[in-house]
Every structure is written in structure tokens, then in C-alpha cells.
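Data block below; observations after.
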Amino acid sequence: MDDAYWKTTPLEAMSPTQWEQLCDGCGKCCLSKLEDEDTGEIYWTSVGCRLFDGETCRCADYANRLKRVPDCVGLTPQNVRTISWLPSTCAYRLVGEGHDLYWWHHLVSGSPDTVHDAGISVRGKLTASEDDLAEPEDYFDHMLEEEP
29 MDDAYWKTTP
39 LEAMSPTQWE
49 QLCDGCGKCC
59 LSKLEDEDTG
69 EIYWTSVGCR
79 LFDGETCRCA
89 DYANRLKRVP
99 DCVGLTPQNV
109 RTISWLPSTC
119 AYRLVGEGHD
129 LYWWHHLVSG
139 SPDTVHDAGI
149 SVRGKLTASE
159 DDLAEPEDYF
169 DHMLEEEP
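The sequence shown begins at 29 in my numbering and counts up one residue at a time.
Below is the structure:
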């Protein structure tokens, strides 16, 4: 892997390997979010996707996630600049906006654990899985004050 490729390679020009490596492994994109229909405001919850493993902060079936979870959003170089709910710490968002990665990102630190050590990931922070909730109103009990 090229050293600091994210500083010189536009998202659209990244190889599939570079693209996948850019993910910081925080798991925030795998949390359920609520949108106010009137204002468009996004509200974060501590509810994980049915395929999300809250300890590893990884998808249990990443290769098939888009087929198995109809509302899963596959991030691409074409859509990351238009998704308003991407976390402020998201590497795709940061690089897309011309910023550098944080010190805790594994491509900078050399360790996939620093995202967890820094408290950026959602490891240990889930209060439910979407499979546990029967009604849309059930998500209200899991709403967060701000982005995790």
C-alpha cells in the first residue's frame, strides 16, 4: 500500500483495496439513524444494524450486506460527498473534503485498535440491534443527544 495515498489520490481514483482500507472501522455508519421528515435533520441512535457486530465494529456479512439489508447504503466515491449523515470523523468524508486523517486512524497509527482506544468507535456503545425493535417508535428510546 502506498504511504499516505489518501493525501495524493482522489477518492474516485483509488483502487478497490485503497478504498476499503480507508474505512476507519468506527462502525458509526452502521447505526440506525432517524430523519425528521419536516426538517431533514438526522438523529443518531445506539441501535446497530442487524448484521453489525458491536464488538468488532464490522459487518458480519460485508460481501452480501446490500442484498441482505435493503436500506444499507454502500459507500462509493460517487456518493460519499452527498451523504449528509456520514460522521464528522469519517475518513471518506474527511478525504473527500480535502482534510487529513486523524491520528487514531489505522493508516496513520499503524494499528486497527487506535480507533477504539481513542473512543471514536461505537464498540461497547450499542443498546440494541434493529432486530430487537418491533416498531419505529421503539427507536426513540435509543436516540442520542449528538453524533457518537
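Glycine included, C-beta positions come from ideal geometry on N, C-alpha and C.
So the beta strand (DSSP E) residue i belongs to, where does it begin and stop?
i: V136; result: Here V136 belongs to no beta strand (DSSP E); instead the alpha helix (DSSP H) covers 134 to 137.
i: E63; result: 59 to 63
Going by C-alpha to C-alpha distance, which of the options sits closest to residue i?
i: F80; options: P176, F168, R151, H170; result: R151
i: E83; options: H144, E163, K35; result: H144
i: R86; options: S60, D31, E165, K56; result: K56
i: K95; options: R78, E69, R109, Y120; result: R78
i: A32; options: H127, A91, L161, L154; result: H127
i: M42; options: E69, D89, G124, W131; result: G124
i: T37; options: Y120, L161, A146; result: Y120
So, using beta-carbon positions, are residue i and residue j closer together than 8 Å?
i: G102; j: S157; result: no
i: W34; j: L129; result: yes
i: Y167; j: T73; result: yes
i: L122; j: Q49; result: no
i: D52; j: H133; result: yes
i: L59; j: M171; result: no
i: E40; j: P98; result: no
i: S139; j: C54; result: no
i: S116; j: I70; result: no
Check whether the Cβ of residue i sits closer than 7 Å to any heavy atom of the ligand SAM, and report yes or no.
i: R151; result: In the structure on display, the ligand SAM does not appear, and there are no ligands present to speak of.
What are the partner residues of residue i, as DSSP defines its beta bridges?
i: D81; result: R86
i: V75; result: A156
In the DSSP assignment, find the unbroken alpha helix (DSSP H) run with residue i in it and report its ends.
i: P44; result: 44 to 50
For the stretch 99 to 166, which segments carrying the alpha helix (DSSP H) assignment without a break, of at least 4 residues, lie completely within its bounds, in sequence order? 119 to 124, 134 to 137, 142 to 145
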